[in-house]
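Residue numbers (this note's numbering): 22 to 99. One structure below.
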Amino acid sequence: MKPHKVEQREKSIKAVRRRNADGSLWQSNKYTKICSEHFIGNAKSEHPLSPSFLPTIFPPCYLKSTPSEKFILSAKRR
């Protein structure tokens, strides 16, 4: 993978701010796609200095509520 692609991938993972059920940081894979609506101008840019290089738009409907204690305990038992 080209260096700028590695940088973009790592920064995108942090920008998404998603965690797995066990609390670990979510990782993308070769099938992962981020919708263009999450980028300024509705288009992803390959240029590192562009404001559309990373996903930055996450409407409130994408925000998850804090998981309940019951859910956390059941996830740990799995």
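Using N, Cα and C, we set each Cβ at its ideal position, and we do this for glycine too.
According to DSSP, which residues form a beta bridge with residue i?
| i | result |
| --- | --- |
| LEU46 | ARG40 |
Please return the same chain residues whose Cβ sits closer than 7 Å to the Cβ of residue i, not counting the five positions on each side in sequence.
| i | result |
| --- | --- |
| GLY62 | SER73 |
Quick check on DSSP: helix, strand or coil for residue i?
| i | result |
| --- | --- |
| HIS59 | helix |
| GLU31 | helix |
| PRO81 | helix |
| HIS68 | coil |
| PRO76 | coil |
| LYS26 | helix |
Alpha carbon to alpha carbon, what distance is there between residue j and residue i?
| i | j | result |
| --- | --- | --- |
| LEU46 | ARG38 | 8 Å |
| SER67 | LYS23 | Note that residue 67 corresponds to Glu in the displayed sequence, not to Ser. Their backbone Cα atoms lie some 12 Å apart in a straight line. |
| ARG40 | PHE79 | 15 Å |
| PHE60 | GLY44 | 26 Å |
| PRO81 | SER71 | 24 Å |
Is the Cβ-Cβ distance between residue i and residue j less than 8 Å?
| i | j | result |
| --- | --- | --- |
| THR77 | ALA42 | no |
| SER49 | LEU75 | no |
| LYS65 | SER57 | yes |
Going along the chain, which residues of its own chain have a beta-carbon closer than 8 Å to the beta-carbon of residue i, five neighbours each way excluded?
| i | result |
| --- | --- |
| PRO69 | HIS25, GLU28, GLN29 |
Excluding the 5 residues flanking residue i on each side, which residues of the same chain have their C-beta closer than 6 Å to its C-beta?
| i | result |
| --- | --- |
| ILE55 | PRO76 |
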